[in-house]
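Those protein sequences? They're chains A and B, same order as listed. The first sequence runs 1 to 339 under our numbering. The second sequence runs 340 to 678 under our numbering. Taking it in order: structure first as structure tokens, then the write-up.
2 protein chains.
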Amino acid sequence: MKVAPVIKTPYLLFLGDAPDQLAAKVAQGIKDWRPEFAVGQLRLPGCGADLGIAEMDLATAWDAGARTLVIGVANRGGVISAAWKVVLKEALEMGFDIASGLHNLLRDEADLVEAAQKAGRQLHDVRVPSEEYPIANGVKRRGKRCLAVGTDCSVGKMYTALAMDGEMRKRGLKSSFRATGQTGILVTGGGVPLDAVVADFMAGAVEHISPDNDDDHWDMIEGQGSLFHVSYSGVTMALIHGGQPDALILSHEPTRKHMRGLPGYALPTLEQLRDTALPLARIANPDCKVVGISVNTQHMSQEEADSYLAALEARMGLPAVDPFRNGAERLVDALVEIS
Amino acid sequence: MKVAPVIKTPYLLFLGDAPDQLAAKVAQGIKDWRPEFAVGQLRLPGCGADLGIAEMDLATAWDAGARTLVIGVANRGGVISAAWKVVLKEALEMGFDIASGLHNLLRDEADLVEAAQKAGRQLHDVRVPSEEYPIANGVKRRGKRCLAVGTDCSVGKMYTALAMDGEMRKRGLKSSFRATGQTGILVTGGGVPLDAVVADFMAGAVEHISPDNDDDHWDMIEGQGSLFHVSYSGVTMALIHGGQPDALILSHEPTRKHMRGLPGYALPTLEQLRDTALPLARIANPDCKVVGISVNTQHMSQEEADSYLAALEARMGLPAVDPFRNGAERLVDALVEIS
Numbered sequence: 001m002k003v004a005p006v007i008k009t010p011y012l013l014f015l016g017d018a019p020d021q022l023a024a025k026v027a028q029g030i031k032d033w034r035p036e037f038a039v040g041q042l043r044l045p046g047c048g049a050d051l052g053i054a055e056m057d058l059a060t061a062w063d064a065g066a067r068t069l070v071i072g073v074a075n076r077g078g079v080i081s082a083a084w085k086v087v088l089k090e091a092l093e094m095g096f097d098i099a100s101g102l103h104n105l106l107r108d109e110a111d112l113v114e115a116a117q118k119a120g121r122q123l124h125d126v127r128v129p130s131e132e133y134p135i136a137n138g139v140k141r142r143g144k145r146c147l148a149v150g151t152d153c154s155v156g157k158m159y160t161a162l163a164m165d166g167e168m169r170k171r172g173l174k175s176s177f178r179a180t181g182q183t184g185i186l187v188t189g190g191g192v193p194l195d196a197v198v199a200d201f202m203a204g205a206v207e208h209i210s211p212d213n214d215d216d217h218w219d220m221i222e223g224q225g226s227l228f229h230v231s232y233s234g235v236t237m238a239l240i241h242g243g244q245p246d247a248l249i250l251s252h253e254p255t256r257k258h259m260r261g262l263p264g265y266a267l268p269t270l271e272q273l274r275d276t277a278l279p280l281a282r283i284a285n286p287d288c289k290v291v292g293i294s295v296n297t298q299h300m301s302q303e304e305a306d307s308y309l310a311a312l313e314a315r316m317g318l319p320a321v322d323p324f325r326n327g328a329e330r331l332v333d334a335l336v337e338i339s
Numbered sequence: 340m341k342v343a344p345v346i347k348t349p350y351l352l353f354l355g356d357a358p359d360q361l362a363a364k365v366a367q368g369i370k371d372w373r374p375e376f377a378v379g380q381l382r383l384p385g386c387g388a389d390l391g392i393a394e395m396d397l398a399t400a401w402d403a404g405a406r407t408l409v410i411g412v413a414n415r416g417g418v419i420s421a422a423w424k425v426v427l428k429e430a431l432e433m434g435f436d437i438a439s440g441l442h443n444l445l446r447d448e449a450d451l452v453e454a455a456q457k458a459g460r461q462l463h464d465v466r467v468p469s470e471e472y473p474i475a476n477g478v479k480r481r482g483k484r485c486l487a488v489g490t491d492c493s494v495g496k497m498y499t500a501l502a503m504d505g506e507m508r509k510r511g512l513k514s515s516f517r518a519t520g521q522t523g524i525l526v527t528g529g530g531v532p533l534d535a536v537v538a539d540f541m542a543g544a545v546e547h548i549s550p551d552n553d554d555d556h557w558d559m560i561e562g563q564g565s566l567f568h569v570s571y572s573g574v575t576m577a578l579i580h581g582g583q584p585d586a587l588i589l590s591h592e593p594t595r596k597h598m599r600g601l602p603g604y605a606l607p608t609l610e611q612l613r614d615t616a617l618p619l620a621r622i623a624n625p626d627c628k629v630v631g632i633s634v635n636t637q638h639m640s641q642e643e644a645d646s647y648l649a650a651l652e653a654r655m656g657l658p659a660v661d662p663f664r665n666g667a668e669r670l671v672d673a674l675v676e677i678s
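Below is the structure:
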């Protein structure tokens, strides 16, 4: 069985000529969630993004311990430009591996492949699986698992898992964030790009990245899609059954007008999400519980958010927080309670 | 976008040196469900299977109209033997395409690939997708769709869809069987091997094989897996949401002791299956109804089967039949009722 090479940390974050901060979203995520991996940033002329960390050239970053150059940015026009390639090749020659979440793959660039081979370095395209996964066997694994399920895609499931993992570690509790998407993989250096795995092996891939562990260890598994999103619900289903979660967090974005990319589809209520996800999760883990609600309130004022969360909490009888805005303390309290 | 070449019909069914009838299951399915595609059979010395149709050599079959040699048999030891290759190459030279559901792929055999190229013929490996599928858009399509969902894998969902399609055609009603697995594809000459599609495109592949159609046309979509089978539930979910079924058939095998391949997992009741599948189906199609139950009674006596079906029918308030044993008339009646 082919096993994925681990992406070596820490990183030098390559921002290229990113036009603005939004284009550097992946690099920003790494800096926000794993600042210890973000040794420095390398920017090209015209770059409009800035992570507010040390500016470094390749040699300085190498001396500071960086071992992978992470392309943490969207590229203009979907091509890896000549200007980028000068830097990428120099990095390979110097001993860096390169990791990328770009749509166009490093492995499709003959000159980069040749340079990597010559230097004995790795090119990591995190959008494609680099591993062969087994078919799920459903065997109950030791350790505990938490999964966020959303009323829709892109409602903050990854941020919820990362915030909870951060809070667990702060308390000295055993926790691992398990990445299932490209940003999560680049943030933490490993995981599975679940949406690119072949159907039969999806649940097996989730079992594989969340193996047996200490009884008091929690995996914070990154959620994907939504059971209510007809384009991606199969991926969510595989996470629920492969993940065997002990705890579900319901995730929601209250200002969304319709399901992402599906104008004809309304969002479900949080009650519908609970009543759909929990019985499905109990097929794989009869002890599974819904323990809290994470709400992405970025499009609400502080006042609106506070009153929305208070009303939701009374309605659902569960802690309801925006973990990015207000911290994940109460969600982690809820996990500790069922540990 | 790459489009799948259609497998040309009718077929010459190649049984090779199949040790017994069971090894020729795929060929048997073609002969049972599409006898008009089964021009003849070609057997090698030592073959223990017999479909009871005309014995033909390549030239006779060609003259009888056959255009694809279908390998409708499991191969011994997982290798395509030298004896087989003699026939396969001769077939290519004569003008036949070759279609195969073998685990080892025709395209991995350099000599067959070369012979096919030289002759300008197609090699169809139906276990791997030969097409690029879009991401599902969830847009409501015209025409009607029926999907069988099972309490477990391999409980007769394909046979149910084929039997209902046959009964529809017999009545002069508009119907198409839509294959989602390798046997179904070989039976009908087209479809998608859904379990081999990349996760993000599963629901889109189902939308793609069941496009807009006449208002009074029914697609009988071949089901896969089970919502209750933790290894494959994501594939089932994609069928439910990509398929937008108007009608669900619940499929069950009453003598199964546990979920196939999962000794720790009990089968759900048919009530649990109904109450899980229907709300999920209504996300994509609010008008979806559960219209009947198909039971695989092959391991029951006629008497046991009759009494089981009668009790089930009373319990669930739905027609309950074994469509293979007793015909699909009553299931089709139920479809007609909601048309």
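A virtual CB, placed ideally from N, CA and C, is assigned to each residue, including glycine. Fair warning: this is a prediction, and the values are worked out from it, not measured in the lab.
Buried/exposed call for residue i, threshold 16 Cβ in 10 Å
i	result
GLY385 of chain B	exposed
ARG382 of chain B	buried
VAL86 of chain A	exposed
GLY120 of chain A	exposed
THR608 of chain B	exposed
ASP63 of chain A	exposed
VAL6 of chain A	exposed
SER549 of chain B	buried
GLY52 of chain A	exposed
HIS340 of chain A	A question about residue 340 of chain A goes unanswered here, because the residues of chain A that appear run from 1 up to 339.
Cβ distance (whole Å) where residue i is taken to contact residue j below 8 Å
i	j	result
GLY166 of chain A	ASP215 of chain A	Actually they do not touch by this definition, with Cβ atoms about 22 Å apart.
ASP97 of chain A	GLN122 of chain A	4 Å
MET503 of chain B	MET559 of chain B	5 Å
GLY573 of chain B	ALA238 of chain A	4 Å
GLY564 of chain B	TYR571 of chain B	3 Å
ARG446 of chain B	GLN583 of chain B	Not really, about 33 Å apart at Cβ, beyond 8 Å.
ALA66 of chain A	VAL39 of chain A	4 Å
ALA388 of chain B	ASP359 of chain B	6 Å
Residue i to residue j span [Cα, whole Å]
i	j	result
LEU512 of chain B	VAL671 of chain B	10 Å
TYR308 of chain A	GLY181 of chain A	30 Å
GLY411 of chain B	TYR498 of chain B	17 Å
THR522 of chain B	GLY368 of chain B	8 Å
VAL675 of chain B	MET395 of chain B	41 Å
ARG664 of chain B	PRO658 of chain B	15 Å
ASN137 of chain A	LEU619 of chain B	24 Å
ARG669 of chain B	VAL660 of chain B	8 Å
GLY603 of chain B	LEU92 of chain A	49 Å
GLY355 of chain B	ALA199 of chain A	31 Å
GLY656 of chain B	LEU617 of chain B	16 Å
THR407 of chain B	LEU486 of chain B	29 Å
Residues near residue i in its chain [Cβ-Cβ closer than 8 Å; skip 5 each side]
i	result
ARG169 of chain A	SER175
ILE338 of chain A	ASP246, ALA247, LYS289 and VAL291
PHE228 of chain A	THR151, ASP152, MET259, TYR265, LEU267, PRO268, GLN272, LEU273 and THR276
Within chain A, the residues that residue i reaches when beta carbons sit closer than 9 Å
i	result
TYR604 of chain B	GLY138, ILE283 and ALA284
Residues near residue i by beta carbon distance below 7 Å, same chain, minus five either side
i	result
LEU589 of chain B	VAL488, LEU609, LEU612, ARG613, VAL629 and ILE632
ARG595 of chain B	ASP491 and LEU606
GLY530 of chain B	ARG517, ALA518, THR519, GLY523, ILE524 and ILE548
GLU652 of chain B	PRO658 and ALA659
8 Å Cβ cut-off: residues of chain B touching residue i
i	result
VAL198 of chain A	ASP534, ALA535, VAL536, VAL537 and ALA538
THR276 of chain A	PRO618 and LEU619
SER307 of chain A	The contacting residues do not exist; SER307 of chain A stays about 30 Å from chain B at best.
Residues of its chain near residue i, where Cβ-Cβ distance is below 6 Å and the 5 sequence neighbours each way are ignored
i	result
VAL197 of chain A	PRO129 and ALA205
VAL365 of chain B	GLY411, GLY440, THR522 and LEU525
MET340 of chain B	Because the pLDDT at MET340 of chain B is just 47, under 50, the model does not fix this residue reliably, and the point stays unresolved.
TRP33 of chain A	LEU162 and VAL187
ASN635 of chain B	VAL494, GLY495 and GLU592
ALA353 of chain A	The structure shown does not extend to residue 353 of chain A, since chain A is modelled only from 1 to 339, so the question has no answer here.
ALA413 of chain B	ALA362
GLU546 of chain B	ALA475 and GLY581
Interface residues of chain A facing residue i [CB-CB closer than 8 Å]
i	result
LEU601 of chain B	ASN137 and GLY138
PHE567 of chain B	ILE283
Neighbouring residues, chain A, relative to residue i (Cβ below 7 Å)
i	result
GLY573 of chain B	ALA199, MET202, ALA203, GLY234, VAL235, MET237 and ALA238
HIS580 of chain B	VAL230 and SER233
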